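First comes the structure, then the notes that go with it.
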Amino acid sequence: MKQGKTKRNPEITSNMEEDQVKHTDNTDQSPETTANSVSRLLYYWVQPLFRRASDLHKENRALEQEDLLALTNSDLGKTISPVFEAAWRNQQAAAGADGGSSSVFQALRPVLGKRFIFAGFIKLFNTCLQFLFPILLNAILIFIEETQDGNLAGDDDAWHVKYRGYWLSILLFLAMGAKAVTENFYFHCVYRGSYQARVAVSLAVYNKSLRLTSSERQKTTLGELINLMQVDASKIEMFLPQFHVLWDGAFQIVGYMAILYSLIGWPCFAGLLIMLLAGPGQGVIMKRLYGLNRFMVKHTDERVKTTNEAVQGIRCVKMYSWEQSFQKLISKGRTGELDVLRKISYLRGFSRAYMGALPGVVAVASFVVYAVVYKGNVEASTLFAALVAFGQLRFPLLFYPMALATYAQAAVSARRVESFLGLKEVKRMGESGDEQVYSRNDTTLKKGELVAKNATIYWSDPNIPIDVVATDIINDSEKKNFCGR
Numbered sequence: 013m014k015q016g017k018t019k020r021n022p023e024i025t026s027n028m029e030e031d032q033v034k035h036t037d038n039t040d041q042s043p044e045t046t047a048n049s050v051s052r053l054l055y056y057w058v059q060p061l062f063r064r065a066s067d068l069h070k071e072n073r074a075l076e077q078e079d080l081l082a083l084t085n086s087d088l089g090k091t092i093s094p095v096f097e098a099a100w101r102n103q104q105a106a107a108g109a110d111g112g113s114s115s116v117f118q119a120l121r122p123v124l125g126k127r128f129i130f131a132g133f134i135k136l137f138n139t140c141l142q143f144l145f146p147i148l149l150n151a152i153l154i155f156i157e158e159t160q161d162g163n164l165a166g167d168d169d170a171w172h173v174k175y176r177g178y179w180l181s182i183l184l185f186l187a188m189g190a191k192a193v194t195e196n197f198y199f200h201c202v203y204r205g206s207y208q209a210r211v212a213v214s215l216a217v218y219n220k221s222l223r224l225t226s227s228e229r230q231k232t233t234l235g236e237l238i239n240l241m242q243v244d245a246s247k248i249e250m251f252l253p254q255f256h257v258l259w260d261g262a263f264q265i266v267g268y269m270a271i272l273y274s275l276i277g278w279p280c281f282a283g284l285l286i287m288l289l290a291g292p293g294q295g296v297i298m299k300r301l302y303g304l305n306r307f308m309v310k311h312t313d314e315r316v317k318t319t320n321e322a323v324q325g326i327r328c329v330k331m332y333s334w335e336q337s338f339q340k341l342i343s344k345g346r347t348g349e350l351d352v353l354r355k356i357s358y359l360r361g362f363s364r365a366y367m368g369a370l371p372g373v374v375a376v377a378s379f380v381v382y383a384v385v386y387k388g389n390v391e392a393s394t395l396f397a398a399l400v401a402f403g404q405l406r407f408p409l410l411f412y413p414m415a416l417a418t419y420a421q422a423a424v425s426a427r428r429v430e431s432f433l434g435l436k437e438v439k440r441m442g443e444s445g446d447e448q449v450y451s452r453n454d455t456t457l458k459k460g461e462l463v464a465k466n467a468t469i470y471w472s473d474p475n476i477p478i479d480v481v482a483t484d485i486i487n488d489s490e491k492k493n494f495c496g497r
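Offset between the sequence shown (1-based) and the working numbering: plus 12.
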């Protein structure tokens, strides 16, 4: 039977080529690349997307892929992947010389770039703005108390004394507005960096799987590859936005304790003592979470492996009626995974409740010591400013366990990715001086013959050549020795 040739519609071909050209050139059309500093800070360059969404909503329609804004070149995988792989090869070379091990987080530093470091300075500035809240509130309340007591400013006083309440209120408003703007810009930077890290890890795992030797390929399964590209890359992505919380949380705790000391004196250390006593318990919880995450990924790998085997061999499964057997295997892996995940959820919930209730306990203990032992006067300016400080102190105490939990998960995932990227792979063309890359236009390749002289042959292990001595017919007229050293 002859197979007929499929004719291509020229209109369809033309449309496909136009779409391909449009997709290729869309990086140059990103409105972010031409936006000014104010537009980037206030995200005015995203306004066309919101207008499009509003117009579609009036027509009871949703956004589609062609409606989304184009990505910049720095967000594309073809830009991110070479940077990460070059950094990873440098890590392997340095680790091989020093006898150490390579680190995924170190290889991600060139990918994240200066933007991620700049986000740390934005976070520092944002935290300093938060410190102004209880300080300005205390000054405003002191001004109100003095006004109620009849201590009004005279006509001869300077303007900043006479209108102290007004400009303090304006400063508080500006601080709150600047905090919102800088906080949004910070989250945009760190979440963008985390997205780029996920792309880098996923592409590195995919490219590595194509370069594995036959012996190393037998050590990995398809389910493990999928978990590395999806689950483990996602956990690294979730940790990076919390990276700056690890140092900023400690900075906030120290700063708010200094503010509380200026407000209520040494009784604030009673609350600090409670926080220090609560630290070891939180450390035990984080250590337990780390162990459970390492144990859970084994069940996840087994479940995904069995599921992929069933999907790939679905014809055999249906022909031999193996549905129930595969269902039991998948359910067994999923049950074990859910059991561990349930324990993780209980621990995580207890950790959040434990740290969420801690600021209230700290505030009560501090004020009890301040009123009973210190014999201090509980005034409105002191009380409300201290309550604001304790309320702000709740955030680092609440997000600290979340950051530590995500770090525990990311550490496990990074170690799995590092072990996979450290597997042996075939040699790259051009790594050795004797190797040569042939082009398609090479005239020596048009004779239809392959000649190998004094070849060094590698098979399963890329570092150990095989010992082969063979005689092969090169052409009809002569024989040559094909030797492997």
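Ideal Cβ positions, reconstructed from N, Cα and C, are used throughout, including at glycine.
The structure displayed is predicted, hence computed values, not measured ones.
L148 is a Cβ neighbour of L183, given a cutoff of 8 Å. Taking a 10 Å sphere around the C-beta of R354, we find fewer than 16 other C-beta atoms and assign the residue as exposed.
A distance below 6 Å between beta-carbons, with the five flanking residues on each side excluded, links A65 to the following residues of its chain, in chain order: L75.
Listed in chain order, the non-local C-beta contacts of V400 below 7 Å within the same chain comprise F145, P146 and L149, local neighbours out to five positions each way being set aside.
N475 counts as exposed, since fewer than 16 other C-beta atoms from the protein chains shown sit within 10 angstroms of its C-beta.
The C-beta distance from L81 to L61 rounds to 6 Å, short enough to fall under 8 Å.
The residue from R346, R73 and K330 with its alpha-carbon nearest to that of V316 is R346.
Considering only I156, N163, Y358 and F199, the residue with the shortest C-alpha distance to L180 is I156. No Cβ-Cβ contact shorter than 8 Å links L416 with L370. With a cut-off of 8 Å on Cβ pairs, the region 377–397 is not in contact with the region 209–227, counting fewer than three such pairs.
Judged by their CB atoms, V385 and F402 are not nearer to each other than the 8 Å cut-off.
Ranked by Cα distance from W57, the options P43, G205 and R63 are led by P43.
Ranked by Cα distance from K344, the options T318, G125 and N72 are led by T318. N305: member of the alpha helix (DSSP H) spanning C280 to Q324, first to last residue. Take the alpha-carbon of Y268 and the one of L350: they are about 40 Å apart. Less than 8 Å divides the Cβ of L252 from the Cβ of S206. In the structure shown, the three-state DSSP call for L224 is strand. Annotated as proximal: F411 and G261, with beta-carbon spacing under 8 Å.
Between L435 and the set L237, Q160 and E195, the nearest pair of CA atoms involves L237.
Between the C-alpha atoms of I297 and L272 there is a straight-line separation of about 29 Å. Closest in C-alpha terms to A99, from the list A365, A423 and S114, comes S114. Annotation for K70: the continuous alpha helix (DSSP H) segment containing it runs Q59 to K70. Y470 is bridged by DSSP to P477. Going by C-alpha positions, C140 is about 40 Å away from R101. The region 423–434 and the region 292–309 touch, with three or more beta-carbon pairs separated by less than 8 Å. With fewer than 16 other Cβ atoms from the protein chains shown falling within 10 Å of its own Cβ, S49 counts as exposed. In terms of Cβ geometry, L275 and A398 form a close pair [threshold 8 Å]. Looking only at A464, F432 and P477, the smallest Cα-Cα distance to E228 is reached by F432.
DSSP, reduced to helix, strand and coil, places E157 within a helical segment of the structure shown. For the pair D313 and N239, the CB atoms are nearer than the 8 Å cut-off. In this structure Q118 does not touch Q104 by the C-beta definition: roughly 11 Å separates them, more than the 8 Å allowed.
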